[in-house]
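In my numbering, the protein residues as written are 33 to 618. A virtual CB, placed ideally from N, CA and C, is assigned to each residue, including glycine. Predicted, not measured: the structure shown is a model, and the values here were computed from it.
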Amino acid sequence: MEPAEAATETAAATGAELFNPSTYDGAGLDPESRRIMLATIEFFESRGRAELKRADHEREWYSDFLDFVKRERVFSTLLTPAAEADGDADKRWDTARICAFNEITGFYGLAYWYTWQVSILGLGPIWQSGNEAARRRAAELLDDGAIFAFGLSEREHGADIYSTDMVLTPDGDGGFTANGGKYYIGNGNEAGMVSVFGRRADVEGPDGYVFFAADSKHEAYELVQNVVNAQMYVSEFRLNDYPVSEADVLHTGPAAFEAALNTVNVGKFNLGFASIGICEHAFFEAITHAHNRVLYGRRVTDFPHVRQGFVDAYSRLAAMKLFGERAIDYFRCAGPDDRRYLLYNPITKMKVTTEGERVIDELWDIVAAKGFEKDGYFEMAARDIRGLPKLEGTVHVNMGLVLKFMPGFFFNHAAYDEIPVRRDAADDEFLFNQGSTRGLSKIQFHDWKPVYERFARIPNVARFMEQADGVRVLLETAPPTDEAQRQDLDFLLTLGELFTLVVYGQLICEQAELTGLEDDIVDQVFDTFVRDFSGFATALHGKASATEAQQAWALDHVRKPVVDAERFERVLAQVTALDGAYEMRP
Ligand SMILES: Cc1cc2nc3c(=O)[nH]c(=O)nc-3n(C[C@H](O)[C@H](O)[C@H](O)COP(=O)(O)OP(=O)(O)OC[C@H]3O[C@@H](n4cnc5c(N)ncnc54)[C@H](O)[C@@H]3O)c2cc1C
33 MEPAEAATET
43 AAATGAELFN
53 PSTYDGAGLD
63 PESRRIMLAT
73 IEFFESRGRA
83 ELKRADHERE
93 WYSDFLDFVK
103 RERVFSTLLT
113 PAAEADGDAD
123 KRWDTARICA
133 FNEITGFYGL
143 AYWYTWQVSI
153 LGLGPIWQSG
163 NEAARRRAAE
173 LLDDGAIFAF
183 GLSEREHGAD
193 IYSTDMVLTP
203 DGDGGFTANG
213 GKYYIGNGNE
223 AGMVSVFGRR
233 ADVEGPDGYV
243 FFAADSKHEA
253 YELVQNVVNA
263 QMYVSEFRLN
273 DYPVSEADVL
283 HTGPAAFEAA
293 LNTVNVGKFN
303 LGFASIGICE
313 HAFFEAITHA
323 HNRVLYGRRV
333 TDFPHVRQGF
343 VDAYSRLAAM
353 KLFGERAIDY
363 FRCAGPDDRR
373 YLLYNPITKM
383 KVTTEGERVI
393 DELWDIVAAK
403 GFEKDGYFEM
413 AARDIRGLPK
423 LEGTVHVNMG
433 LVLKFMPGFF
443 FNHAAYDEIP
453 VRRDAADDEF
463 LFNQGSTRGL
473 SKIQFHDWKP
483 VYERFARIPN
493 VARFMEQADG
503 VRVLLETAPP
513 TDEAQRQDLD
523 FLLTLGELFT
533 LVVYGQLICE
543 QAELTGLEDD
553 IVDQVFDTFV
563 RDFSGFATAL
573 HGKASATEAQ
583 QAWALDHVRK
593 PVVDAERFER
603 VLAQVTALDG
613 AYEMRP
């Protein structure tokens, strides 16, 4: 199917409506993908909430889930690229259905999502490798129901992956002997292949990097501990004179480092969708509780602050979904000449997940004590939602990345072909052939304004545009001044928040246009953005290094959203209509 055809067929399926297992039918997916999604829902629902919570509280390794994954060929179908599919027409690397699975697993519990996520990361360096035997072995292991692991982090070095202490000493036969430890490595207890990043003892600098595949069951692989107290296994392991044969080597030199970064590029996109799934489940629980709770003779949802809290949480969640769905299209259309996904990716990772935290915060302030109860999903959501902004690159690291695109976004435009909705059954092969990770600041963008202008009839889009265009004005008239301010990440992170909102709003408008989303929701979403922008502008004003011109600009861009009580009531009515719409089977 041509992408354009897919667009018309599935456009309506990718709007802002919440994923609800009771009504989900997998519309827009091919039959095998639909079967997998529905089977996954049925696995969790038939096992029930009591068992979900018992396993969580007892921090039980989820072998039942992994048995299901093996039986239904879930990971092998969804995570084997077409090039390794050996004629199986259902296997392909399809970001759209991967994101659907992220959302479903996040909806039922982040631990289940995590074993899948770190398998994706572990497979990244393998699928990018020229080592055909290793790729074939990974495909066979997937068929056997194996999970995978990504061994990048080390205890001492955190985000500084240049400083690896996993050292490979040549053995004289084309192979190496590996020694060193890895820390925070998911699935390190069971993985069929662990992709490990290290460096050669005999070669200085980037030429010495090596990515290789280790076997977690090998006697020289020492599983030290689970670093976390949870169902998932986040391992510390050591390699003690581990023999790395030539056949185990996946990448060498600078390519090994690029494989690490490109793998994280593929993987970190998933976190936004897991965050969406968590928020959706928590939302159903929260509204069903609050709308039926009567205090002082009236519903909790009649309190003005509760009404505002629900409408804000709903709008933020709608925005997370709209942005994420549109970012999928850019991911799937990416190629050497269109690398805009490299901006939308860290925003999905950082912005969508931090918005997820805000959604849960808002809901938790409303449901209060209920959010602690051992029998509910909310307790898990409140804990797990915090992890997503911090992992696979912190908010700071991702914002540092986002900032590199700011000049290109505002001042270096190019005409691209229209990006259609991409829910077709294509293999996203470019993701394993992304090439150099350099040249980010040279990437050109399509003009961000026209889509905003097409929505300018909506009062809060128009108001937000005044603020958004202000970021361009700020960069032209009062940009970060001297070298000291250009190095002041504390200042730049706040500038990055203002910039991120402009990009976030742009893709949301694009998705709203593609799906024919009703104006009320768009207006309410931008009502929150106008307030958020004002908050970040105020923060910029207070930054130690903000100049007088920057401070004046900041105060000049504080705005109040356009108030419309009737629109607010209509959105609130959509929220309260979700009362009882979903409850997990007991
Ligand atoms: C549950 C869990 C699962 C994980 N799973 C895996 C896994 O499977 N595989 C794996 O390899 N790793 C995994 N990790 C490791 C994770 O990716 C680390 O959190 C990451 O390596 C960053 O290290 P750190 O958290 O120690 O922070 P540090 O690197 O110690 O950072 C400290 C502070 O400095 C800031 N900072 C660091 N560098 C920069 C920069 N360049 N720009 C701006 N600010 C910066 C950070 O934002 C942070 O606030 C996991 C971690 C956890 C907790």
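query, result
"Closer than 7 Å: L98 CB and nearest ligand 1 heavy atom", "no"
"Exposure label - E37; buried when at least 16 CB within 10 Å", "Unreliable placement is indicated for E37, whose pLDDT of 42 sits below 50; the coordinate value is still reported in the next sentence. Exposed: under 16 other Cβ atoms inside 10 Å."
"beta-carbon G313 near ligand 1 non-hydrogen atom, thresh 7 Å", "Reading the sequence as shown, one finds His at residue 313 and not Gly. No - ligand 1 has no heavy atom lying nearer than 7 Å to the Cβ of H313."
"Assumed close pair V259, S248 - CB separation to whole angstroms, cut-off 8 Å", "With a Cβ gap of about 15 Å, V259 and S248 do not count as contacting."
"Secondary structure of G329, DSSP reduced to three states", "coil"
"Between the CA atoms of T579 and N221 - distance to the nearest angstrom", "53 Å"
"For I392, three-class secondary structure by DSSP", "helix"
"Per-residue burial, A39 [other beta carbons within 10 Å of its own, 16 or more giving buried]", "In this prediction, A39 scores a pLDDT of 40, lower than 50, which makes its location untrustworthy; no coordinate-derived value is stated."
"Proximity test, E94 beta-carbon vs ligand 1 heavy atom, cut-off 7 Å", "Before going further, note that residue 94 is Tyr rather than Glu in the sequence given. No, since every heavy atom of ligand 1 falls outside the 7 Å radius drawn around the Cβ of Y94."
"Cβ-based burial, H372 [other Cβ within 10 Å; buried from 16]", "Looking at the sequence itself, residue 372 is Arg, so the reference to His does not match. Classification for R372: buried."
"Where the alpha helix (DSSP H) through T608 begins and ends", "597-608"
"Residues passing the C-beta test against ligand 3 heavy atoms, cut-off 5 Å", "In the structure shown, ligand 3 is absent; the only ligands present are ligand 1."
"Reference S27, options P238, I379, A132, F335, closest by Cα", "It is not possible to answer for residue 27, since the shown part of the chain is limited to 33 through 618."
"Buried/exposed call for E116, threshold 16 Cβ in 10 Å", "buried"
"For R231, the first and last residue of its enclosing beta strand (DSSP E)", "225-232"
"R270 in three-state terms, based on DSSP", "strand"
"Proximity below 8 Å, CB of M616 to CB of E104", "no"
"Residues bridged to P202 (per DSSP)", "F208"
"From L98, A132, G204, residue whose alpha carbon lies closest to that of R67", "A132"
"Check whether D407 and K85 have beta carbons under 8 Å apart", "yes"
"At least 3 beta-carbon pairs within less than 8 Å: the segment 162-176 vs the segment 297-305", "no"
"Span of the beta strand (DSSP E), counted from its first residue to its last, around V453", "Where V453 is concerned, there is no enclosing beta strand (DSSP E), given that its DSSP letter is neither H nor E."
"Short Cβ contact (8 Å threshold) for N219 with A181", "yes"
"Through-space distance from Y144 to T137, alpha-carbon basis", "6 Å"
"Nearest to R486 (by Cα), restricted to the options T570, N444, A48, A544", "A544"
"8 Å Cβ cutoff met for Q19 and V503", "Residue 19 lies beyond the residue range present for the chain, which begins at 33 and ends at 618; the question has no answer from this structure."
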